[in-house]
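Have a look at the structure below, then the notes.
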Amino acid sequence: MVKHITPWLNAYLDGELSAAQLRQVEKHLAECDECQAELEQMRSLSALLHETSPADEFLPTERFVANLTLNLPRQPAQSQPRKALEIGWWLIPVAALGMWLFFQITFSLSSVLSTASETGLLGSGLSWLQGNPPQTRWFSMAMDLFGGQFGLTGKFILSALNDLSLFLREMTSHFIWQALFATLYLGWLASWWRRQSNQAIPASAVSQS
Amino acid sequence: MASPYAETEALLIARAQKGDRDAFGELVRHHNPGVVNVVYRMCGDVELAEDAAQDAFIRAWLNLPSFRPDTSLRNWIYRIAVNAALDVLRREPKTPLVDLETFSMPDSIAGPETVLLEKERAFAVQRAILSLTEANRSVLTLREYGGLSYQEIAATLNIPLGTVMSRLNYARDRLKEVLAPQLMDMEIANG
């Protein structure tokens, strides 16, 4: 059964098809009399719609412009708060990127310094960074209650679990920070895209009824 | 590369945004024929169309300070114009009557009978357009008389691209149905 391309004919007539679609439609039109007839009818309709114009009845453009410019009311100046809002809106992505960079550098620097300090690379200069080795609450409790009963292997396993917990906790907080910045930035991008595709018109311009 | 007018338009917009009426007049001079054509097809009446066009340009002037120059002025004005036309129609509850005398025919050397037939055809066309719903009429007039692309219509009316296509398909199908006798006459005349 031949599949007609009737739904595409409007877009074909209006020059709105992609190159691939255009080739497909032209190939079909060359073989299908029914779609060709439909296209001809659409061309006739377009010709009929453009056949007449009441242009002679309208005020000539020059007179229209002269009348209009005489009747133009005073244009309201863009208010300062609106300008400030506009500037603030553009500062959001800059601030988000700046904060993200700041936290990234701070986190990276602190982890490099604490690793260097723990391994003794910095000598005793940054010993204040070391303090007590970090411990989770459950690890401290387990060590207090049953520390004497664990052998060397048990202590080693507990200590590894403690390190894993700490690592996961740090990763989670890192992830939350990153997700927060990404959401803020993507939210701004989405709203920028919306503004681009749809020039905001104040309600007063769109409708006055 | 931007056309010379596009470059000039950017300067005119900047001047008009600072309150320069002459610059705004230049912008109106450029966009008026298109706007008038669209609002006339929306309203179906010359006087209403002129009211709507004037209304649209005044609204554009008042809101120009908040217009973002990185977007299309034409789309912006057309959007205001379509809404102004709809507002004018709501203010005037009577159905606009298309006057046969309104239409000027391009072929002035044709005989009186032909001229009358052509005027009747134009009358039928305008009535058919007015029989469309506001939503479908807006899309059809912006495409046929404003010359906007589907993407531009979507941005102008703030509707999805798919909706533009479906409304346009529906409007043209309906016009084909209503104007079937006129289309047949045209077919016969063209052999």
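Each protein sequence line maps, in turn, to chains A and B.
This note's numbering numbers the first residue of the first sequence as 1 and each following residue consecutively.
This note's numbering numbers the first residue of the second sequence as 1001 and each following residue consecutively.
C-beta: ideal position from N, C-alpha, C; glycine also.
Query: B:A1056 to A:P73 span [Cα, whole Å]; Result: 13 Å
Query: The alpha helix (DSSP H) enclosing A:I5, as first and last residue numbers; Result: Premise fails: A:I5 is in no alpha helix (DSSP H) and is neither H nor E.
Query: Coarse secondary structure for B:S1072, derived from DSSP in three states; Result: coil
Query: Near-chain B residues of the stretch 6-25 of chain A - C-beta to any C-beta below 8 Å; Result: P7, N10, A11, D14, E16
Query: Three-state secondary structure assigned by DSSP to A:L18; Result: Contrary to the premise, residue 18 of chain A reads as Ser rather than Leu in this sequence. Correct three-state label for A:S18: coil.
Query: Residue from B:H1031, B:V1115, B:P1112 with nearest C-alpha to B:I1080; Result: B:H1031
Query: Outcome for B:T1156 when other beta-carbon atoms lying within 10 angstroms are tallied against a minimum of 16; Result: buried
Query: Simplified DSSP assignment, three categories, for A:S191; Result: helix
Query: Touching by the beta-carbon criterion (3+ pairs, under 8 Å), the stretch 1028-1048 of chain B and the stretch 1137-1146 of chain B; Result: yes
Query: Neighbour flag for B:N1136 against chain A, beta carbons, 7 Å; Result: no
Query: Neighbour flag for B:M1001 against chain A, beta carbons, 7 Å; Result: Interpretation of B:M1001 is limited by its pLDDT of 49, a score under 50 that renders its predicted location unreliable; the figure taken from the coordinates is listed afterwards. No, no contact with chain A.
Query: Against chain B: residues of the stretch 92-109 of chain A by CB proximity under 8 Å; Result: none
Query: Alpha-carbon to alpha-carbon, A:L29 and A:A203; Result: Its pLDDT being 49, under 50, A:A203 is placed unreliably in this model, and the value from its coordinates should be taken loosely. Taking the straight line joining both Cα atoms gives about 46 Å.
Query: Proximal residues to A:S159 (C-beta, below 6 Å), its chain only, five neighbours per side dropped; Result: none
Query: Collapsed DSSP secondary structure at A:I87 in the structure displayed; Result: helix
Query: A:G187, buried or exposed, once every other Cβ within 10 Å from all chains shown has been counted against 16; Result: exposed
Query: Simplified DSSP assignment, three categories, for A:R74; Result: coil
Query: Collapsed DSSP secondary structure at B:E1092 in the structure displayed; Result: coil
Query: Partner residues on chain B for A:S191, Cβ-Cβ distance less than 8 Å; Result: Within 8 Å Cβ-Cβ: nothing; A:S191 doesn't reach chain B, min ~14 Å.
Query: Stretch-stretch touch, CB-based, cutoff 8 Å, three pairs: the stretch 1167-1174 of chain B with the stretch 1124-1140 of chain B; Result: yes
Query: C-beta atoms of B:K1176 and A:L49 nearer than 7 Å; Result: no
Query: Spatial neighbours of A:F103 in its chain, beta-carbon cut-off 7 Å, leaving aside the 5 residues before and after; Result: W177
Query: Local Cβ density within 10 Å of A:S209, reported as buried at 16 or more and exposed below that; Result: In this prediction, A:S209 has a pLDDT of 41, which is less than 50 and means its spatial position is unreliable; nothing more can be read from the coordinates.
Query: Under 7 Å from the C-beta of B:V1036: neighbouring residues of chain A; Result: F58
Query: Whole runs of the alpha helix (DSSP H) within the stretch 1037-1087 of chain B, excluding any shorter than 4 residues; Result: 1046-1063
Query: Exposure label - B:D1024; buried when at least 16 CB within 10 Å; Result: According to the sequence displayed, residue 1024 of chain B carries Phe and not Asp. It is buried - the Cβ of B:F1024 has at least 16 other Cβ atoms within 10 Å.
Query: CB contact below 7 Å: B:Y1150 versus chain A; Result: yes
Query: Contacting residues, own chain, Cβ-Cβ under 6 Å from A:S207 (five flanking each side not counted); Result: With a pLDDT of 49 at A:S207, under the threshold of 50, the predicted position of this residue should be treated as unreliable, though the coordinate-derived value follows. Counting only Cβ-Cβ distances below 6 Å, and skipping sequence neighbours, we find nothing.
Query: Residue-chain proximity (A:Q36, chain B), Cβ-Cβ < 7 Å; Result: no
Query: Option nearest A:F175 by Cα separation, candidates A:R43, A:M42, A:F107, A:Q75; Result: A:F107
Query: Coarse secondary structure for A:P60, derived from DSSP in three states; Result: coil
Query: Contacting residues, own chain, Cβ-Cβ under 8 Å from A:L17 (five flanking each side not counted); Result: W8, A11, V25
Query: Limits of the unbroken alpha helix (DSSP H) element including A:F150; Result: Taken as a continuous stretch (DSSP letters only), A:F150 belongs to no alpha helix (DSSP H), as it is neither H nor E.
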